[in-house]
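So for the sequence shown, the numbering used here puts the first residue at 1475; every next one is plus one.
Every residue gets a Cβ at the ideal spot worked out from N, C-alpha and C, and that includes glycine.
Predicted, not measured: the structure shown is a model, and the values here were computed from it.
For reference, the structure discussed in these notes is given below.
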Amino acid sequence: MGSADPFGTEGLRAAVLASWRDSPTRLREDAATEADLVRAGYRDRLLTELAQNAADAAAKAGVPGEVRVRLDGRTLSIANTGAALDLSGVHALTALRASGKAEATAVGQFGVGFTAVLAVSDDIEFRSTTGSLHFSRDRTREALRERGIATPNAVLPDRPADADPAASTFQPPALRLTWPVEACPAEGFDTEVVVRLRADVDADALLAAMRDEAADLLLELPALQSLRIGDDEFTSVVRELGDGLEELRVTGPDERRRTWWQFRTPRARWLLPLRDGKPHAAPHDVLRAPTRSDEELSLPALLIADIPMQPDRRRLLPGARVAELASGYADFARALPPADRLVLVPTPGFARSEADGLLREALVRELQTHSWLPVVDQKADADTPNAGGLADDLGLDSSYGLDSGRGVIPTAVPARASVFPYLTPELARLLDDVIGPLVIPELSSSADAEALAVLDVHRLGLARLAELSGGVERPPAWWRDWYAALEPFVVDPLTAEELGALAVPLADGRLVTGPRTVVLDDMLELAIPLHWARLVHPEATHPLLSRLGARSATAEDLLADPALHADLSDHPDDPDLVDAVLRLAAHADPDALPPWLGMIELPDSTGELLPADELLLPEAPLYALLVEDAPLGTVAEEVVAEYGAQALRAVGVGWDFGIVAESDPTGPDHHLDDEEAWWAGLAEEPAEFVAVRDLDLVDDIAWPDALHQLLAEPRTRRLLADPDGYTAWWLRRHARLDGIPLGRHRHPLDTEFAGLLPEFAVPGLSHVDLEVLRTVLANPERITPELADALLAALADPANNPEPEVVSRAHRHLAAAADRLDLTELELPERVRTLSGAAVPAAEAMVLDLPWFGLALPPDRLVFGDQETASALATLLDLPLASESVSAEVLGAGLRTSWSAAPLGVVLRQLFSLPPQEGELVLHEDLRVRLSGAMSGTVSVPWWRSGAETHVRMPTAVEGTPPPAS
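Below you can see the structure in the form of structure tokens.
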């Protein structure tokens, strides 16, 4: 080491001792100052202060800082690498009011902080490669005695009067005098401080406390890279991450690691702790300048600041410009991954100190006024004029949109940005150039809401999005994606109500406000401009619109709209209207369309405009069925080529028979043949009117083919099944086969009128077809006036030869219908058909009303149906009853008995299934009846009724046969 006293400590001691001798007050002041520093400022900062000195030494020497703490018995040594002790350092160590720091980066080398060693020891050696020093309170006390310098014995001013006398005894300063010592620092180190612990110091607890603060010291003192305490080593490694961001990793014993992201600003270092690779807000901490102070903070990141502190480095100097430490904090936020940047926003809360309050306000202001908040990339083209101006207007960083191709995330000033809670990537993609600076989806959750509110980021709601959509011009497919992106946010009626002003694109190119005002047709694939309805463009259709009140409408619904009816009534030849109707009709069910669509006017083959329902398609099969002068034109070929036959047929252009339909009809106003007569015959007005039109235009000789065609089409076939409908009614009266109306033909399977009515015969009809046509043929159970006239005429015609049973059934059906027929309108023939089958003059006939008269009267005089309807038949035919025209008297008394007493009575009841008889049974060997009136004479009959009596002729015995029992 060279000289035995390389630093001239003898001269330093002499000067100090002289000052104490000359001024006892100076001695007391030095002792009090040292004691105060130990008790208050540096009572628990031994390792901290020595580590600061070590960091300064390493920085000065430009070497990695290493510190080793070792305990040997009661001797504690703290060794470090770096610049060795020099004369200025010696002066700083021995002068309580001076510091050896010269560089701005130095934080504590050989200043008053060295007094921290006195908290544990009164005997200290400072060993260095340039020379070593010994500090000792005992040697100082001895030097005072040797120099005859008096020491105060009074109680120190800050000691209580009842304190321990030993503790109250004057203690001279231990660090004002130093002596050279022949000792070297530990091998591998440049400096070593060796302290001999006082008896009252718990050495193990001291080392444990040092271990607890080791990691923090490596954070605070970047010049240090290794700190070993006993056998436990702590190391720090810094790795550059780019954009000024560094990763600081501290590894402790057993490979325990703590990691921070570090960012340097002009006057501070900020550290953000990582857990599982993700940054998290730091717990409440204190200001570090650079080591821990007593200024409590509640900031999201640890702050290691370059700021003036009081000598004990526990408190800020009054007037320190704390707010300036926030400068560059926004750059720290900008350097973080976009999804993690909000972790740096101070959360609302009470400040933990005055400095904390000032810093929080400054940090928020810094973040609010600088561009760092990640926003959705608008993909602005750098070649687009004024692209930079747009970024400036929106409060974006200059890289906004222009550098996005290189992966730079655009940023914005928070106060100019907007956030939509729970923004999805899909919605963000659509909103990016609609709203302006929009916070990215990763920062739009509820967990981020508080931080964004602190930054004054404008919060958007569904109602605002709906409002903004009204000024957006986009293709229809964009709107469908827009609705799909909004749909997850519509979770209840309230959120649905917020979207009440959402814009909707229509098929005609308009953009309207409010889903409740539009209609949807999910089946349309092409846009058809409609002026009478707000039809959503098919490429924009989405289920969300239905949830928001849009009305679903099929092509049939749109074509049945009363608004269209009104438009067609005023302008049936409007080209745009006709075009829309025909294009829409191509997607509609023709059976569900209203008949008034037939009023649209289309050009015929000559160019003349005619209503659609007065036109036929070229080569329509209906042509072959019509009379030559049918008032129907042929639609132009070019119209068929443009819209197709299906659309034209749907609006009423004929191919086969057309249909007329109306709900809640009010009268016979459908321009159908003989409709008034049909309507007049109805018992009540129908709820719906549906009928086949143009039946009156069919040529009589074409009816077999016409019936085939009516049966072939389901919509007309259905109408044939309704016997009361106009179609079946008209066919019964007016459609003719061989000149005879269909209603006067009998069904091939019906024998009721065989021999009276012609059998319906149209080749090629199936059994099922024939069953459908029953409604247009003669129905025995539904005798109409026309059928009654036909039956009466057939019965009177001698050329017909019906069987008696057919005649009887015909009379019975006529009599049953008598109360439904207007008898004054019937044309009664001059002849009637009798029971014998002969057609006789009506004046010679009578109606058989009592069957036993049929046993006495000739059958060619009797007209018969059945006993129950005989009176009605007589009224209908204007004939007398037999029982009223002829009187009868039973001859002979006979044998009077009862039905139960006479064997023959029992047999007759069983044979004819007779009910119990109340009158007497009179048995005759020869039952004869005398007739008078319209016919006279005596006849023999097998039985007769007279009042309640029943007369029966007993069987006559034949030779060889036993007589019957009576």
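Fewer than three Cβ pairs drawn from the region 1777-1793 and the region 1803-1814 lie within less than 8 Å of each other, which leaves the two stretches out of contact. DSSP places ILE1598 in the uninterrupted beta strand (DSSP E) bounded by 1595-1602. Shown here for VAL1594: same chain residues with a beta carbon closer than 8 Å to its own, the five before and five after excluded, namely LEU1520, LEU1550, VAL1669, LEU1671, ARG1672, VAL1675, LEU1680 in chain order. Beyond the five residues adjoining it in sequence on each side, GLU2075 comes within less than 8 Å, by CB distance, of PRO2046, ASP2047, VAL2052, LEU2083, LEU2084, PRO2085, ALA2086 in the same chain, given in chain order. Across the structure, LEU2185 and ASP2243 are spaced so that their CA atoms are roughly 7 Å apart. VAL2321 counts as buried, since no fewer than 16 other beta carbons sit within 10 angstroms of its beta carbon. In the assembly as shown, ILE2175 is an exposed residue. Its beta-carbon has fewer than 16 other beta-carbons within 10 Å.
At a Cβ-Cβ threshold of 7 Å, ALA1569 and GLY1556 do not count as neighbours. For LEU1973, there is no enclosing alpha helix (DSSP H), as DSSP marks it with neither H nor E. Put simply, the region 1754-1774 does not touch the region 1710-1724. Fewer than three CB pairs are less than 8 Å apart.
Pairing GLY1944 with ALA1977 gives a Cβ-Cβ distance under 7 Å. For LEU1701, the pairing in a beta bridge is given by DSSP as VAL1541, PHE1708. Burial of GLN1645 is indicated by the presence of at least 16 other C-beta atoms within 10 angstroms of its C-beta.
Burial state of GLN1699 is buried, judged by a 10 Å Cβ sphere holding 16 or more other Cβ atoms. For ASN1554, DSSP records a beta bridge to VAL1541, THR1665. Listed as beta-bridge partners of THR2108 by DSSP are LEU2090. By the neighbour-count criterion, in which 16 or more other beta carbons inside 10 Å mark a residue as buried, PHE1824 falls on the exposed side. The alpha-carbon of ARG2248 is positioned some 19 Å away from that of ARG2283.
Comparing C-alpha distances from GLU1769 to each of THR2371, ARG2008, SER1827 shows the shortest one belongs to SER1827. Residue pairing by DSSP leaves GLY2213 without any beta bridge partner. Where PRO2085 is concerned, the enclosing beta strand (DSSP E) starts and stops at 2083-2085. Beyond the five residues adjoining it in sequence on each side, GLU2301 comes within less than 7 Å, by CB distance, of ASP2263 in the same chain, given in chain order.
Your pair LEU2056 and TYR2117 checks out as a contact, with CB atoms roughly 4 Å apart and the cut at 8 Å. As a beta-bridge residue in DSSP terms, THR1739 pairs with ALA1742. VAL2396 has its alpha-carbon roughly 6 Å from the corresponding atom of GLY2368. For GLY1831, there is no enclosing beta strand (DSSP E); the enclosing alpha helix (DSSP H) has its first and last residue at 1828-1842. Just so you know, the alpha carbons of LEU1973 and VAL1931 end up roughly 22 Å apart. The C-alpha of PRO1820 is placed about 55 Å away from the C-alpha of GLU1656. In terms of Cβ geometry, PRO1911 and ALA1927 do not form a close pair [threshold 7 Å]. Apart from the 5 residues on each side of it in sequence, ASP1597 sits with its Cβ closer than 6 Å to the Cβ of SER1610, ARG1670 in its chain, given in chain order. Around the beta-carbon of VAL2127, 16 or more other beta-carbon atoms lie within 10 Å, marking it buried. Going by DSSP, ARG2192 is part of the alpha helix (DSSP H) stretching over 2188-2194. Runs of the beta strand (DSSP E) lying entirely within the region 2098-2148 and spanning at least 3 residues, in chain order: 2133-2137. By the Cβ rule, the region 2026-2038 counts as touching the region 1989-2002, because three or more pairs are nearer than 8 Å. Ranked by Cα distance from ARG1749, the options GLY1988, SER1767, ARG1730 are led by ARG1730. Residue pairing by DSSP places TRP1653 opposite HIS1608 in a beta bridge.
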